[in-house]
Every structure is written in structure tokens, then in C-alpha cells.
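**Student:** Below you will find the structure I want to go over with you.
Residue numbers (this note's numbering), protein chains in the order written: chain A, 1030 to 1453; chain B, 1030 to 1453; chain C, 1030 to 1453.
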């Protein structure tokens, strides 16, 4: 069974998720049904996780504003779940315009769009509407604000899958699933990680172990680190935070804290030859790489995105919808991750079995007539062989030779068949 | 009592200093009166200091040229002490134009200005006039050249102050005080070092020790190294040659010999965000960093200047006067040095006391409503915390995050108050 | 007796060489006559050298195409030895146009020139003509192709010279001599290496040992490595492949595999101040540095060229002739290599004998009057002294100070005479 990433996004899109509560539970369950190796981890409400406290479960049933003058509902949660500030406390109250406006969020610079707003760590309530709609309601002076939400003790839910290989050393992928109806940020990440899990499952005799985790952003990764820190620090040699991976506009690499980990070089090599690559320094981070690279944790984790969170106009609005993500964009993102996995599995450190250059011509891998021309793909082979002296890994060789990672892996496989290269 | 740097310069300006003799003695005394911790070090004339010999004391009483045709004195030392070549031997002789001109120095490219010329290490005499004035005297044919100077055995004088801290490791500041009436080069350095001394005195429970020295250029630093080399090499971890620090035009950083010392990174971070920063390689050195970085010495010393010696048009002329240096320029220079001292004292290697990011929102240090905007000063805190894992010092963190050193120290102090950061 | 490099090229030009056979034997003999230290090394045909087999000796006596229609010979080997594909099997056969054209090589982009084509490692035959000449013969329809060549068991010949010094550590130079009548590529290399050998011979009390080798390209260097690998890996600290060193157009540096060997820094420093320097990455390699830097070998070898193979329009054509190389170009190339040898011999790691700056003025090496001007050559001395603290070699100092290698060696020699510098 193949994984249809776009279908996952479409199926999960309508659910109103938050960092806790039924939305994320149902969404995790959906993925666990596809990849049963994803196992639920539950952290009790109220648990201290480092400097934070696991919040209660939030349930939302309904929310709207009623304009008494127009006798009309608007900011109706049932029509668009972004209309309610995520994690809002319940309210049912008549308010005047001033009080309403204090709790009404818009994007004046993008007047047609409804913003996504949260208040997880301070009790608050609010509504989100477009700036244009806010202007229309301007005339009313009495409003009912109604939010039917509740908090209860329960659990923070997350799900992780560990695929063992010959080595205990782990390649790590993390993504989050706490956002309500938005597609690129962040249903694309869970869709991609599902396909990545499927691919890892399909690898026979895995060399490396793999750890994949889907969790609510920030509090989820902090809770996960709190529970598994020793294991993570012991085993992870390369990791990626996957976020906003569903559009086709560009490829983004958010550097790890010191920019010099295996994850940085691996991702850099996997992006060689792509059109429109953006490198972001760690100072421009914003997702769970914040936690994975934090003091006391310091895991070798980079961020991989297409159009990065905060860097595309639909970000955190109702325009981040099913038109923004595409099957092609998702597949391209999968190809990047696949090539990194292949790099680890097929030829992490390649080594030539032959001293000096091999005679490629005798194997019909090289022109036998030497004429004044360039033979591009033949040079690729010679470049790969030349750096296969056991000192550089395949990512470093790709970066050094500027040969795209997937191309160089293919060249390796040919040369391995001819008994010229092997891995250490 | 506050230190008024501009007043120091004004008071010392009229004195005719040289590398030895009453001028520098009187000038050092003036500063010792303000900061009694500055103690005199005296090296006997004739002492061998490495490849050099300490010269005799030079006294100058009067000097001029008398034009017999015009019956007029000119190049009158009493009107401008730059008129006589510094360290001139005595002379009283009738000379013709040719002989006079051999000993007359001008600046043809800056025809209105009188140059500053010295001949310390070879017996010589001479006068300095403006090119315009030289052209006027062209018609005379007999001149009396009169220099009433003398040399006697005595001492080379310098003054140093050592402020002990908990650690023996020293931060070192050096400047020189051998120039006659010029302001930026070099009364600004002694004025600044006086204020720096005052500031260091004011620090309670100093972490580091500080060594400050005021000396005649070249022979002074060589003599100082000769006398204290073992101590200097054992204790100095970071040092600066302070020269030409009184104007407002730019900030200059003269790299240490290999460009990779604590002094380089400290100064680089202290200049972040300043307008007009100039980085000079060690090849463009010219002051006492020459000696501090020489073979057999190799101290971690950079140069700090505003408009660097040799790089501003008034340099080594009578135009380097009280109009060039300003109170504001001096204070700005002090702020740079102060921030470096603060970096050492307050948070040399900061370390987070919390695993993962702290919950800044719960301490009202972060927005609790997450909306699609940038919160600049909050990012500064998170950036500082993120790199506070005990691997980088505050200068490196400032350089890495591009947060100006004084800003990042302030952020540190706030986060320390909240028990989030501490120093190692 | 001086070595006249241009004469060597002129004398050797007419000979039709190949990787084996009488042409290369005769050419090596010519050089061995000039430098008797060059000793012949012979590897038997059929010997396995790593992944390759030493080929038989190839002898060519005559070759041409006869056009029956025009009753005219063309592509006549006796007029231009490039006309026959080098290492062609014998043939004597009537062929039609189609069959002829399959074995006829031209350069459509350079229609006046005859290309140089080889088929060493696969039995084949062919002719090379200009595209213009090919067009003319287009009308004929029956042709006799005649190649009077033969293969026999014998030897692959190469020649090497080892000049012992006090240290066993070797500086290595390699060039090749397998090309028929072409001048820059590759009679310039053997001409240069001959003069280099002469120069090394002339050095009394050599500090370092030197290994020079002239061989057929690729199979020759592979055979040489096969025979001497242990010695090469043990002793060579710096090496250069010399190729295309006879024109005046530019200087080229082909980086070693990792770009960080003594050969890279030495060559970089020797090229400081030259007009038109081109740096090529190892990915643009193409000559025997391929073998010297290959897995299992990894010698510290860079490539030195003027207009690099493949990068000038006459390359591998009959236009690479005696008009392209000049005595001046050859001498300039020699000067580069000479300065590197001098660097090793005269002052590999210079060290100041004096703590602090020496008093250059007292030795008349520095102005004694300090005036507002720049004294360029005096700064060179101070820069060299400053970095002579035993941490950097002369090549690194040259690169750091941007002082051309030959200039800095001259400055060293002056300062050594004054007992200021010595070598470690």
C-alpha cells in the first residue's frame, strides 16, 4: 500500500486540533492506523516538564459572535475553526464594541484573511476575523460573544515510531500536529513523516535506527525531550524538524545551532541542484528545532521546509489551505528525505577497493577514444571514486563535488556493482 | 569624582613631551594624581632592552630659525613645539639655504600644516614648518639655527596600574604619552585609560585582574615587556593598544597577529551596530601592538582606534588639535571598552539553568498571545539563552547572534534576575 | 652548462611519441644525456599495475589515406604525426566513405585544426584531419586506409632522478612525455623539469631530497606508484604535476584533493603578485594529479600550469606548436618552481633571534627620521620578522603577508646576514 500524502492532508484538514484534546488525539489515531508502529505516548496534565507544565485537555464545541443590531452570527467556529482563538476559555457574555475589539484579532496588512491566533499559556479568549469583516461590523454596539469550550485533566498526546537497525545510532524526524484547519503548516509535516515511516519500513536489513515523532509544537517536544532525553542524546546522530513541506515554491534549510552537524551537511547535499534554495541561520528558527537545539539538549537537528513558516504570505491564515499544498510538492519533499535516508543506508562512507584510478574504459564506463571533449557523467564517477578514500561521508562528498546526493548515490550503486566501490 | 577626559587632554596639550625627559614625567604625574594606583616604573638610561638601548633624557628649552635678511625669527618652538624635530641635538650655527633645507621638514601635499617629525635613534637636528612658510623663506640666504636642548643620563619613565581581581588572569590596556602638542594622537589614549582605570576601580569583587600601562611608544613597550615579560605572558588573556580614540568619525579595529585572540572577538562584538567600522589587518599595524605581538612575546593584543593613526588627514601635524577630539567621541570610545570589561565581569560564559527553552511568557518576558508578528527584543532573549550552553563566551555569542555586546549584557542581567541564566 | 628549455622542445618536437615504443625511449634518452641522474625504469608489457595492465610497445612507421578518385594521399603521418590516431592497430584496406568517416576525427568548432586523438586501451584505428579537409574529401567514394604500425612485448619506459638532501623528506615533481608533436602539452613539462633538475643539482648541502619523474601519462604514473608506493607515501611532503608550462598567458594552480597540502600553500605563495592567476579546484583536474591524489595514494600533489590543459584553444591540436611556447614563458615557469625550492632550502621555517622588534634603524635597514610617509620595503622586513615566530613556514608567511615568495626569501637572506632571522 502506497501512502497518499495529499489524501492524508485532505482527510485531516477539517479537524479542529489544538495542543491537547480530541482533535489531536483523533488526528494521531488516523496516522497510527496507516503506520501501526506509531505508538501513543501520554503525559498527564499538570506534569512538570522542565520549566513548563503540561496543560489540561481543551475541548471546543462551538463559538460565534452575535450582532444584536444586524441579528446575525459571524466569526462562526462551525464555518471556520480559525475564528476562535485556539485554547480560548469559555465565555457567554454581552459586550460592547470596545470590549469586543480588545479580543478581536485581524491582519490589517492582509485585510481579506483570517489569522490563526493561540493563547496556550495564559487564560484568555478571543475571535479572529478578516480586517474587512471587522470594518463591516464596526457599526454594531452590542454583541454576544459565545465560546463553548472546556478544560479537563487528562493527557497531552503524542505518537512516535522507532525502527531498529543494525546500529543503535538513530536518524530522527520530528513534526507537529496541533494546528487546526491549515494545510502547509502543519498537515504537510505529518503527511510527509507518514510516507517516510512507510519507506523506512520497506528497507530490508536497515543499517541505522530511525525515530519518528508527531507531537504538539513546543510543549510536545519539551515533554518528549523530558521523557526520553537520555536516549535521544545517546543515539541521535542526525535529525530534522519537518515543517511546511507541502508547497512547490522553494526549499528551505534552517541551520542547526552551530551549523556543523551531520544534519546540516546531509540536508545541504540533498538540496544540491534544486531550484530556489534558501538557507536560514539558526537565528531565524521558529519551530521545534528551538527545543532540540536548546541548552542541555543540543541535538544535531536542522529544520527542513519548503516555503518556511513565517516566510510565505498564507502562513498562519485561512489561506494556508488545500490549494497551497500539492501532491508534487509533497513528493519532492519526500525525495529530499529519501535521498538522505539512502545516503545513510547505502553508502554512508564509501571506499574505493582499488589503488589509483580504476580502468573504467575496460568496463565500458568510460570513453576509450580520448578526444578533446567533456564527458560529464564519466567525470561524476571519477570524482566520486577520488573522494572515496574513507575520510568523507557521502554527504560531504556530494557537497564537495557539487553532485546532487541522489545522483551520487546512483553512481555509487553502479560502481559497487562493478566491484570498484564499497562502504566502510 | 568623575573623570573628565576632555579636560585631561586640554590640560596636557601644551606640554612638549618626548620619549624621555621632563615632558613625559610631568604628564604621567598629572594622571597619577587622578588615579594613584598608577605607579611609576623607571628604567635607567643605557639599559639594554632586547635589541634596543634606553636613551638619555632629553630636555628642550628653546629653538628657532633666525632669518638675517628679514631680521625675523620663525619656526619658533615657543609658539609651537612641533617646529623642532623631537629629540634634536643642540645647535647654534649660521647656515646657508642649502644646509637649512636639508634639515627642514614640510608636507608638500598639505602645504598649510606643520608636520611632526622625530629622530630618536640617530643623532640629528631639524625644524618643521608648513610648505607655504618654507616657500616664503626661500629668498633668505643666511640663517641662524638655534636649538637649546640637552641630553643627560637619567631614566625612561612609564606608569602602570594593576587592579587585582579574583582571578589572576589579566585584561591589559596600553597607551602612550610621548607625543608633544597633538590631541587625538596621542592624548586621547591616556585620557581614555584614565577613565577606564576609574571604572575598573569602581567594580566591586572584580572577577578578573586588570593591567593598565602608559608609556612612551616603541621603546616604552619594549622596556615594559623586557621587565615584565614572564608576568605578561603568564597572565594576559586579552589586551588592547588604545590609540587615537578621541574623534567621532569611525571605529577601527586593528587585528592581532593571527586575528583569533579573545581581544579580536571581544572588540568585534563591542563594535556590532556601530556606524562606520573599519577592520585593519595586522599588516596595517603601527603602534605598540607591534611589540606586544612580536616573536617571543605574542600577547593576545589588538588595537582599538577611532580614526586610526595614519588614516586621517590631521595625523602627525599641528591640525591634530583640540578641535579634532570631542567629549562625545571620547565617551563613545569609553563605552566600547566598558562593554568589554562588563562582558568579562558580568557574564563571561553564560549558562542556562533550565533544560529546553524557559517559559518566558509565564514571567511576562514573552507575548502570551501568539500572533503572526515579530517580537524583536523577545527574540534577543531566546537567542542569548539558546547559545548559553557553556560552550561560547559572551563575545562569541554577541558575534554569532549579531546582538551588540552592551545589549546582550543587559539581556543577560534581566535573565539572571529571573534565575534563567547564570555564569559558569 | 645552462639548460636551454626552448631548445629541448625544438629538438624533441618532431618525434612521434606514445605511451610506449621508440618515440618515448628516444625522448627520455635525450634528457638523460643532459641530466645523467635521470635513470630509466622499465616495466614489462603485461605487468598488472593495480587495476591496469602495462600495454605492449607500439611502433608506427607510416600511415595515410589514399583517395582513389583524386589519386591523392592525405592525412599523411609523415607530414604530421597527429594524423594517425595514437596507438592505432595496423590496417591496409579499401573502405567506402561511411566506413572511413567512422574512423575519421575532426574538430567541427575549430575547422582548420587537426585534433590529437588516442585509443590506448581498446584496439582501434583512425585518422585525424581538419574539418575543412574532411569537407573537401567528401566527394571521393573509395579510399585506401593504410597504417603501418605494430605491437610487441617489451617495456613501458619512464625516467626518474632522486637527489638526496640532509632530510629524507622529498619534494616531488612529475611530468609526462607521451604526446607526439605538440609543444605546450607536453614538451614544456619535460623541458622545465630538466632545468629544475639542473638547479637542484647546483644546490650545495641540500636540506631536502628531491624526486623528479618523467613518464607516460596515466599508465606511467600508475606504474610508478605501483612500484614505489611505500617510498612515495613515506617521504613526499610536497609535490607538483608540471604540465603545459610554456606559454605566457596566465598561471594556473590545480588544487590538490583537499586543497590544504604544503603543495597548495607553496604554489599559492609562489604566484603572489603574478598577473592573471587561475585557481582550479581538484574537480577540474585532468593530468597525473588524478593518480597521485587517488584513494590509497593521497600524496600532497598539486598541479602547476600556465594555460591549463583543456583551457586554451590550441590544446590537443596541431596548433599547440613551437609558436605557442616561448623562452620567456618557460623561464617564468622555472622562476615559480625555483622560488618554491628556495623556500624549502633557504628558510622553511624562519625564526627571529630577537625578542620584540629589532632596531632596524641602527643597522641602516630602516629610516631613522620618522616622518608621515610609507616606507614599503621596510614594512616587508617588519612583516616578515613579525611572523617569524616559528609557527608558520615561509609559504604561509608569504600568503599571510601577501609578499611574493621570491621577495620574502630575499628579505630573509638580508635579515639573516644581519643576524636577525634564522631558520629552525
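Glycine included, every Cβ here is placed at the ideal spot set by N, Cα and C. Predicted model only: the values in this text are computed from it and were never measured.
Identify the contact partners of residue 1297(A) in chain C, using a Cβ-Cβ distance below 9 Å as the criterion.
**Tutor:** Taking the first chain and counting its residues from 1, the one referred to as residue 1297(A) is at position 268. Within 9 Å Cβ-Cβ: nothing; residue 1297(A) doesn't reach chain C, min ~17 Å.
**Student:** Determine which residues of the segment 1367-1399 of chain C have a Cβ less than 8 Å from any Cβ of chain B, and write them out in chain order.
**Tutor:** 1380, 1381, 1383, 1384, 1385, 1386, 1387, 1388, 1390, 1391, 1397, 1398, 1399
**Student:** Alpha helix (DSSP H) containing residue 1225(A): first to last residue?
**Tutor:** Numbered from 1 along the first chain, position 196 holds the residue referred to as residue 1225(A). Start and end: 1217-1231.
**Student:** Confirm, please, whether the CB-CB distance from residue 1038(C) to residue 1284(C) is below 8 Å.
**Tutor:** Translated into positions along the third chain, residue 1284(C) becomes position 255. Translated into positions along the third chain, residue 1038(C) becomes position 9. Their beta carbons are not under 8 Å apart, which means residue 1284(C) does not touch residue 1038(C) by this criterion.
**Student:** Name, in chain order, the residues that DSSP records as bridge partners for residue 1157(B).
**Tutor:** Looking up residue 1157(B) in the second chain gives position 128. Residue 1157(B) is bridged to 1134(B).
**Student:** At a Cβ threshold of 8 Å, is residue 1401(A) touching chain C?
**Tutor:** Residue 1401(A) sits at position 372 when you count from the first residue of the first chain. Closer than 8 Å: yes.
**Student:** Just to make sure I have the definition right: I need the residues of chain C whose C-beta is within less than 8 Å of the C-beta of residue 1451(A). Which are they?
**Tutor:** As a position in the first chain, residue 1451(A) is number 422, starting the count at 1. Neighbours of residue 1451(A) on chain C: none; closest Cβ ~11 Å, over 8 Å.
**Student:** Expressed to the nearest angstrom, what Euclidean distance is found between the alpha-carbon atoms of residue 1334(A) and residue 1378(B)?
**Tutor:** By 1-based counting over the first chain, the position of residue 1334(A) is 305. By 1-based counting over the second chain, the position of residue 1378(B) is 349. So the two alpha carbons sit approximately 33 Å from each other.
**Student:** CB residue 1401(A) to CB residue 1059(C), shorter than 8 Å?
**Tutor:** As a working note, residue 1401(A) is residue 372 in the first chain. As a working note, residue 1059(C) is residue 30 in the third chain. No, the pair does not count as a contact, with Cβ atoms beyond the cut-off.
**Student:** Scan the segment 1101-1135 of chain B for residues whose Cβ lies nearer than 8 Å to a Cβ of chain C and list them as they occur along the chain.
**Tutor:** 1114, 1134
**Student:** What's the gap between the Cα of residue 1080(B) and the Cα of residue 1385(C)?
**Tutor:** For the purposes of this step, residue 1080(B) is taken as residue 51 along the second chain, with counting starting at 1. For the purposes of this step, residue 1385(C) is taken as residue 356 along the third chain, with counting starting at 1. Roughly 8 Å separates the two Cα atoms.
**Student:** Can you tell me whether DSSP reads residue 1321(C) as helix, strand or coil?
**Tutor:** In the third chain, counting from the first residue as 1, residue 1321(C) sits at position 292. Looking at residue 1321(C) - three-state DSSP - the assignment turns out to be helix.
**Student:** Does DSSP put residue 1293(B) in a helix, a strand or coil?
**Tutor:** Walking along the second chain from the start, residue 1293(B) turns up at place 264. Residue state, collapsed to three classes: helix.
**Student:** Would you identify the three-state DSSP class for residue 1070(A), choosing helix, strand or coil?
**Tutor:** Taking the first residue of the first chain as 1, we reach residue 1070(A) at position 41. If DSSP states are grouped into helix, strand and coil, residue 1070(A) belongs with the strands.
**Student:** Determine the closest residue to residue 1243(B) out of 1209(B), 1219(B), 1282(B), with distance taken between C-alpha atoms.
**Tutor:** Locating residue 1243(B) in the second chain gives position 214, counting from the first residue. Closest by alpha carbon: 1219(B).
**Student:** Which residues of chain B have a Cβ atom closer than 7 Å to the Cβ of residue 1312(A), listed in chain order?
**Tutor:** As a working note, residue 1312(A) is residue 283 in the first chain. Under the 7 Å cutoff, chain B gives 1412, 1430.
**Student:** Contact criterion: CB-CB distance below 8 Å. Does residue 1076(A) meet it with respect to chain F?
**Tutor:** The structure shown contains no chain F; its protein chains are A, B and C.
**Student:** Which residues in the same chain as residue 1366(A) place their Cβ atom closer than 6 Å to its Cβ, once the five residues preceding and following it in sequence are excluded?
**Tutor:** The residue you call residue 1366(A) lines up with position 337 of the first chain. Once the five neighbours on either side are set aside, the close Cβ partners of residue 1366(A) are 1225.
**Student:** Of the residues that make up the segment 1161-1189 of chain A, which ones have a beta carbon closer than 7 Å to any beta carbon in chain B?
**Tutor:** none
**Student:** So, at 8 Å on beta carbons, what are the nonlocal neighbours of residue 1357(A) in its own chain, with the 5 sequence-adjacent residues on each side left out?
**Tutor:** Position 328 of the first chain holds residue 1357(A). Excluding positions up to five away in sequence, the list reads 1277.
**Student:** When the Cα atoms are used, what is the spatial distance from residue 1419(C) to residue 1347(C)?
**Tutor:** Residue numbering aside, residue 1419(C) sits at position 390 when the third chain is read from its first letter. Residue numbering aside, residue 1347(C) sits at position 318 when the third chain is read from its first letter. The alpha-carbon atoms of residue 1419(C) and residue 1347(C) are separated by roughly 51 Å.
**Student:** Does chain C have any CB closer than 8 Å to the CB of residue 1415(A)?
**Tutor:** Here residue 1415(A) is taken as the residue at index 386 of the first chain, counted from 1. Chain C, which has a Cβ nearer than 8 Å to the Cβ of residue 1415(A), makes this yes.
**Student:** For residue 1093(A), list the residues DSSP reports as bridge partners.
**Tutor:** Taking the first residue of the first chain as position 1, residue 1093(A) is located at position 64. BP columns for residue 1093(A) point to 1175(A).
**Student:** Run through the DSSP bridge pairs and tell me what residue 1268(B) is partnered with.
**Tutor:** Taking the second chain and counting its residues from 1, the one referred to as residue 1268(B) is at position 239. Residue 1268(B) pairs with 1201(B), 1330(B).
**Student:** Given that residue 1435(A) touches chain C, what residues does it touch there, using C-beta distances under 9 Å?
**Tutor:** For the purposes of this step, residue 1435(A) is taken as residue 406 along the first chain, with counting starting at 1. Result: empty, since nearest Cβ-Cβ is about 19 Å, beyond 9 Å.
**Student:** Under the rule that 16 or more other beta-carbon atoms within 10 Å means buried, what is residue 1323(B), buried or exposed?
**Tutor:** Indexing the second chain from 1 puts residue 1323(B) at position 294. Residue 1323(B) should be labelled buried.
**Student:** Helix, strand or coil for residue 1445(B) per DSSP?
**Tutor:** Against the second chain, residue 1445(B) aligns to sequence position 416. Helix.
**Student:** Assuming residue 1368(B) is part of the alpha helix (DSSP H), what are its boundary residues?
**Tutor:** Counting from one through the second chain, the residue named residue 1368(B) turns up at place 339. Unbroken alpha helix (DSSP H) run through residue 1368(B): 1356-1376.
**Student:** Taking Cβ positions only, does residue 1147(A) come closer than 8 Å to chain B?
**Tutor:** For the purposes of this step, residue 1147(A) is identified with residue 118 of the first chain, where counting begins at 1. Judged by the 8 Å Cβ criterion, residue 1147(A) is in contact with chain B.
**Student:** List the residues that DSSP assigns as beta-bridge partners of residue 1192(B).
**Tutor:** For the purposes of this step, residue 1192(B) is taken as residue 163 along the second chain, with counting starting at 1. Answer is 1239(B).
**Student:** Report, in whole angstroms, the separation of the C-beta atoms of residue 1155(C) and residue 1114(C), which I expect to be a contact under 8 Å.
**Tutor:** On the third chain, position 126 is the one that residue 1155(C) refers to. On the third chain, position 85 is the one that residue 1114(C) refers to. Indeed they touch by this definition, with Cβ atoms about 4 Å apart.
**Student:** Check the Cβ of residue 1454(A) against every Cβ in chain B and list those closer than 7 Å, keeping chain order.
**Tutor:** The structure shown has nothing for residue 1454(A), since chain A only spans 1030 to 1453.
**Student:** Tell me which same chain residues have a C-beta within less than 6 Å of the C-beta of residue 1417(A), skipping the five on either side of it?
**Tutor:** The sequence position of residue 1417(A) within the first chain is 388, counting from 1. Excluding residues within five positions, the ones whose Cβ falls inside 6 Å are 1379, 1380, 1381, 1450.
**Student:** Using the beta-carbon count (16 or more within 10 Å), is residue 1151(B) buried or exposed?
**Tutor:** The count along the second chain starts at 1 and reaches residue 1151(B) at position 122. Answer is exposed; the Cβ neighbour count stays below 16.
**Student:** Mind checking which residues open and close the beta strand (DSSP E) that includes residue 1379(C)?
**Tutor:** Against the third chain, residue 1379(C) aligns to sequence position 350. Residue 1379(C) -> beta strand (DSSP E) spans 1379-1381.
**Student:** With residue 1040(C) as the anchor, note down where its alpha helix (DSSP H) starts and where it stops.
**Tutor:** Working through the third chain from its first residue, we reach residue 1040(C) at position 11. First-last of the alpha helix (DSSP H) with residue 1040(C): 1034-1041.
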